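Remarks on the structure that follows.
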Amino acid sequence: MLKLIKQYRFYLVLLLFLLIPVLSIDSTNRTPRDYRFYDKAALLITTPFQVAIHWTLDTAVTFYENYLALWKTREENLSLIDENRKLVNTIINLRELEQENIRLRNLLQFKENYKIQTVVARMIAKDVSSEFRAIRINRGSKNGIEPNMAVINSEGVIGRVLRVTDSTADVVTILDPLSAVDAYIMRSRARGIVEGLTDALCQLKFALRVDDIQPGDLLLSSGLGGNFPKGIPVGTVIKVMRKSFGITQKVEVKPSVDFSKLEEVLVVTKVDASPAHVALIEKGLAEAASAKGAAAVKVPSTSADHDVKAPVGAAADRPGATHP
Amino acid sequence: MKVRLLKALNFPGMIVIALLMLTLQSTLFTNQTIAFFQPDMMIFLVLWVAIKRDFTEGGILTLLFGYCVELQSGAPKGLFLADYMLIFLTARFLNRNFQILNRRSLILVGIGAALFSRFNVLFILYLLNKAENQWFHTVQLLAPTAIVHGILIPFVFRFLHRFDIWSLKNPDAEHRYERDFYLDEEPI
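Quick mapping for you: the protein sequence lines, in order, are chains F and U. Counting in the working numbering, the first sequence runs from 1 upward without gaps. Counting in the working numbering, the second sequence runs from 1 upward without gaps.
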């Protein structure tokens, strides 16, 4: 037996090498995963480096913005160099603080509006592969974060928690091709599933062809599944492709969240929103949109093949402008 | 004793290098301005172990590299294990018939591996019924990432070569070390 194993050792190892990846492929690919102890051990090595590199980059950018960018001004104002630099640095620091204050106040306001319990976290890393769009945040199970919890910010839905360690959590954003968020159009109540498409776009799947969807329509989370609170903005419809046949229509959605400028996020630990409260939020969103005074966009008839595109600038500004 | 210790450090050293490379990949390379050219550093490591390690050690390292990547990514479980194993086996197979003679051929290997990896991922996603949203993105990134891989591969390979020399994994380095050792022993 031993001799046989020795004789066919290469083929046995080859078989093993092929079997391990094939067996480990997760065909369901939407089930939440938890870190095991060896995962945590490996993360223990990388997380401090990630935090350190992120901090270094942040510091370098801040250094560049606060000091190097002002180098020219310093040369031009030689006589007042010390005083000027201090003043400008102070102003920039104050502006940074003001911006942070506004962001945090928005988050707080958002949290109060939606009657949710949340944990504030900061993004520390992004997905290593360009195919997937997950992020890592600096809060974990120690802070009460669990897999499948919704992650949002004052702009809207970001994604859901995939897995957690004691001090970090991985979040699958709605831009990820494997993410799925049940959502509905605020104006017409048409439903669908929002899935990731590209680095900046999502698509609304399973929306019926007969559903009334127009560019500029605002998509809100439906709250189905219990992960996301109901009524959180998911995105704005920017393109509708409807054919004269078929069951569904193709809808492209621009997420409400600007993922390129993501910094602080809220992890929803508890949802406490009544239907009446959701109706109130929707009314507020519609009023906010109509206050911007964006023009309505007409959708062509559904009898022929056509693409409907939102005019530049109208897509983001027009959510719910034509509330029935 | 020192030779054994250094040699034993090579295997865990490769894992630590992989983790550090992934850390760079998830922080520096995800910067918005260069995200379009984001390289997959693990491909270099997989190619290196496919060429420079024996079949079993290289295969185990490849599986561990895949595991490390999946730890840092939201990708479906097993996707990168399968992708890297395919690259490893293909590189080993090709290494039996072809040789990397100069820098130009090394650059070609880097470009080829990057393209192969992208199509692998797309194919596995297709099997999982998830390629629908991905193919356009893959095609978009194909050329920039392939070029970046081609540019980076000589540098990464040089670094890994130095690491192998330091840890005496490289046979020449080991011989040189032993020769120096015996010379030291000779009476003056």
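All C-beta atoms, glycine included, are put in the ideal place defined by N, C-alpha and C. Treat the numbers as computed from the prediction; the structure is a model and nothing was measured.
Practice problem: Less than 8 angstroms between the CB atoms is what I'm expecting for U:H149 and F:E131, so what's the real figure, rounded? | Solution: Their Cβ separation, rounded to whole angstroms, is 15 angstroms, which puts U:H149 and F:E131 out of contact at 8 angstroms.
Quiz prompt | Rounded separation between F:K243 and U:A114 - CA only | solution = 38 angstroms
Quiz item: What residue range is occupied by the uninterrupted beta strand (DSSP E) comprising F:F182?
Solution: Reading the sequence as shown, one finds Asp at residue 182 of chain F and not Phe. Per DSSP, F:D182 belongs to the beta strand (DSSP E) from A180 to I185.
Quiz item: For the segment 189 to 202 of chain F, which residues have a CB atom closer than 9 angstroms to at least one CB atom of chain U, in sequence order?
Solution: E195, G196, L197, T198 and D199
Exercise. Leaving aside the five residues before and after F:G223 along the sequence, list all residues of the same chain whose C-beta is less than 7 angstroms from its C-beta, in chain order.
Key: P229 and K230
Quiz item: So, helix, strand or coil for F:L262, using DSSP?
Solution: When secondary structure is reduced to three states using DSSP, F:L262 falls in the coil class, being assigned neither helix nor strand.
Quiz item: Taking the continuous alpha helix (DSSP H) assigned at F:S221, which residues delimit it?
Solution: Segment L218 to S221 is the beta strand (DSSP E) holding F:S221; no alpha helix (DSSP H) there.
Self-check item: Residue(s) in a DSSP beta bridge with F:E191
Solution: Checking the displayed sequence, the identity of residue 191 of chain F turns out to be Arg instead of Glu. Answer is F:Y184.
Quiz item: Do F:V268 and F:I116 come within 8 angstroms of each other at the CB atom, strictly closer than that value?
Solution: yes
Quiz item: F:D307 CB to nearest chain U CB: under 8 angstroms?
Solution: Its pLDDT being 47, under 50, F:D307 is placed unreliably by the model, and the measurement read from it follows with that caveat. Not an interface residue.
Quiz item: Looking only at its own chain, which residues have a Cβ that is under 8 angstroms from the Cβ of U:S227, when we skip the five neighbours before and after it?
Solution: With chain U running from 1 to 188 in the structure shown, residue 227 of chain U is simply not present.
Quiz item: Whose Cβ in chain F lies nearer than 9 angstroms to the Cβ of U:V121?
Solution: S129 and E131
Self-check item: For U:D164 and U:N170, the rounded distance between their alpha carbons
Solution: Going from the Cα of U:N170 to the Cα of U:D164 covers about 5 angstroms.
Quiz item: What residues in the segment 5 to 24 of chain U bring their beta carbon closer than 9 angstroms to a beta carbon of chain F?
Solution: I15, V16, L19, L20, L22, T23 and L24
Practice problem: May I ask you to list the residues that DSSP assigns as paired with F:C202? | Solution: F:G196 and F:V253
Quiz item: Would you call U:R104 buried or exposed, if buried means 16 or more other Cβ atoms sit within 10 Å of its Cβ?
Solution: exposed
Quiz item: When the Cα of F:Y38 is compared with those of U:E57, U:A8, U:A146 and U:L71, which residue comes out closest?
Solution: U:L71
Quiz item: What three-state label does DSSP hand F:V267 in the structure shown?
Solution: The three-state secondary structure of F:V267, taken from DSSP, is strand.
Exercise. Label U:W48 either buried or exposed according to how many other C-beta atoms from any shown protein chain fall within 10 Å of its C-beta, with 16 as the threshold for buried.
Key: buried
Practice problem: Give me the Cα-Cα distance between F:F17 and F:A41, rounded to the nearest whole angstrom. | Solution: Approximately 24 angstroms, taken between the alpha carbons.
Quiz item: Does the Cβ-Cβ distance between F:I152 and F:V171 come in under 8 angstroms?
Solution: no
Quiz item: Using the beta-carbon count (16 or more within 10 Å), is F:S260 buried or exposed?
Solution: exposed
Quiz item: Under three-state DSSP, which class holds F:V299?
Solution: Unreliable placement is indicated for F:V299, whose pLDDT of 38 sits below 50; the coordinate value is still reported in the next sentence. It is coil, neither helix nor strand.
Self-check item: CB of F:V161 within 8 angstroms of CB of U:V69, strictly
Solution: Taking 8 angstroms as the cut-off, the beta carbon of F:V161 is found no closer than this to the beta carbon of U:V69.
Quiz item: Rounded C-beta distance between U:L6 and U:L168? I'm assuming under 8 angstroms.
Solution: 5 angstroms
Quiz item: Can you name the start and end residues of the alpha helix (DSSP H) that U:V121 belongs to?
Solution: R103 to L127
Quiz prompt | Contact set for F:P311: own chain, Cβ-Cβ below 6 angstroms, skip 5 residues either direction | solution = Summary for F:P311: the model assigns pLDDT 41, below 50, so the residue's position carries little reliability, and this model does not support an answer.
Practice problem: Please state if the CB of F:D212 and the CB of F:M186 are separated by a distance shorter than 8 angstroms. | Solution: no
Quiz item: Leaving out five residues before and five after U:I51 in sequence, what residues of the same chain have Cβ atoms less than 6 angstroms from its Cβ?
Solution: N95
Quiz prompt | Contacts that F:V172 makes with chain U (C-beta to C-beta distance below 8 angstroms) | solution = G74
Quiz prompt | Residues, ordered as in the chain, of the segment 43 to 61 of chain F that lie near chain U by beta-carbon distance below 8 angstroms | solution = L43, I45, T46, F49, Q50, I53, H54 and L57
Exercise. Report buried or exposed for F:A134, applying the criterion of at least 16 other Cβ atoms within 10 angstroms of its Cβ.
Key: buried
Quiz item: So which of F:R189, F:D176 and F:I137 has the shortest CA-CA distance to F:A166?
Solution: A small fix is needed here, since residue 166 of chain F is Asp in this sequence, not Ala. It is F:I137 whose Cα lies nearest to the Cα of F:D166.
Quiz item: What residue from F:A150, F:A200 and F:V210 has the CA that sits closest to F:K254's CA?
Solution: Taking each of F:A150, F:A200 and F:V210 in turn and checking the Cα distance to F:K254, the smallest one comes out for F:A200.
Quiz item: For chain U, is any of its Cβ atoms less than 8 angstroms away from the one on F:P147?
Solution: no
Practice problem: On a CA-only basis, which of U:A35, U:G58, U:Q25 and U:I43 is nearest F:T47? Give me that one, please. | Solution: U:Q25
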